[in-house]
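The opening residue of the sequence shown carries number 2 in my numbering; numbering runs sequentially from there. Note that CB positions come from ideal geometry on N, CA and C, so glycine has one too. Remember, it's a predicted structure, so these values are computed and weren't measured experimentally.
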Amino acid sequence: MNALDLLKEQHEEVSKLFKKFEKLDDGASAERRELFIMIADRLSAHATIEEQYFYPSIKTDKSEALVREALEEHLGVKRFIADLLDMAPTDENFDAKMKVLKENVEHHVEEEEEELFPMVRRILNDDQLLALGVQMKAEFEELMKTEPRNEVPMQTDEAAPI
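Written as structure tokens, this is what we have:
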């Protein structure tokens, strides 16, 4: 799977989890926490593979501004995840933070898929995208064997470097 297909697949998976979360009623505290944890782990692992592999591989003079913006968006998402990790799903602000987290993720995904990905197709060839995708998928799977969300609170001071 090439890197762009992998990232799109992960974007869709998280979108589906957000939709499941929105359908749960307020009384489903355990299920709401479980879905949040699934979302947080996937977003955390996804951000890690983008920051460690994808963004450095695609940074050029033309893409640098978009890459830096994406890293700042990651920082915002991480800050919401860190806040939510310290909250119970019954907290009066939990739903509001989840809604804003979802909106931030949707904005980030839209910019990546509509602005950055077309640029990436001009930067990397098919073989490079495939090799990068293999590397990113392997790292994502390794991260998902852990609890990647637990690293997030230590990553909220500043955006990741490129």
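Exposure label - residue i; buried when at least 16 CB within 10 Å
i: ASP1; result: Lying before the first or after the last residue shown, residue 1 is absent from the chain, which here runs from 2 to 163.
i: THR49; result: buried
i: GLU113; result: buried
i: GLY134; result: buried
i: ARG1; result: Here the chain comprises residues numbered 2 to 163, so residue 1 is not present and cannot be evaluated.
i: MET155; result: exposed
i: LYS103; result: buried
Residue i and residue j closer than 9 Å at C-beta
i: TYR164; j: LEU72; result: Lying outside 2 to 163, the shown extent of the chain, residue 164 is not represented and no answer is given.
i: GLU52; j: HIS108; result: no
i: LEU76; j: ALA41; result: no
i: ILE82; j: VAL15; result: no
i: MET39; j: LYS138; result: no
i: GLN116; j: LEU67; result: The identity of residue 116 in the sequence shown is Glu, whereas the question assumes Gln. Result yes, Cβ atoms of GLU116 and LEU67 sit closer than 9 Å.
i: PRO90; j: PHE37; result: yes
i: SER58; j: LEU125; result: yes
i: GLU65; j: ILE163; result: yes
Backbone CA spacing between residue i and residue j [nearest angstrom]
i: ARG150; j: ARG80; result: 11 Å
i: VAL121; j: VAL110; result: 15 Å
i: LEU144; j: ASP26; result: 30 Å
i: ALA4; j: LEU18; result: 21 Å
i: ARG69; j: ARG34; result: 31 Å
i: SER30; j: VAL101; result: 19 Å
i: PHE22; j: GLU10; result: 19 Å
i: VAL106; j: SER45; result: 12 Å
i: PHE118; j: LYS98; result: 28 Å
i: LYS24; j: ASP62; result: 43 Å
i: ARG1; j: THR157; result: Coverage of the chain is limited to positions 2 through 163, which leaves residue 1 absent and any answer about it impossible.
i: PHE95; j: MET88; result: 7 Å
i: LYS60; j: ASP92; result: 40 Å
i: VAL78; j: THR147; result: 20 Å
i: LEU130; j: ASP84; result: 34 Å
Short CB-CB distance (under 9 Å) between residue i and chain B
i: LYS138; result: This model lacks chain B altogether; it includes just one protein chain.
Secondary structure, alpha helix (DSSP H): runs of 4+ residues fully inside the stretch 47-75: Correct list: 56-59.
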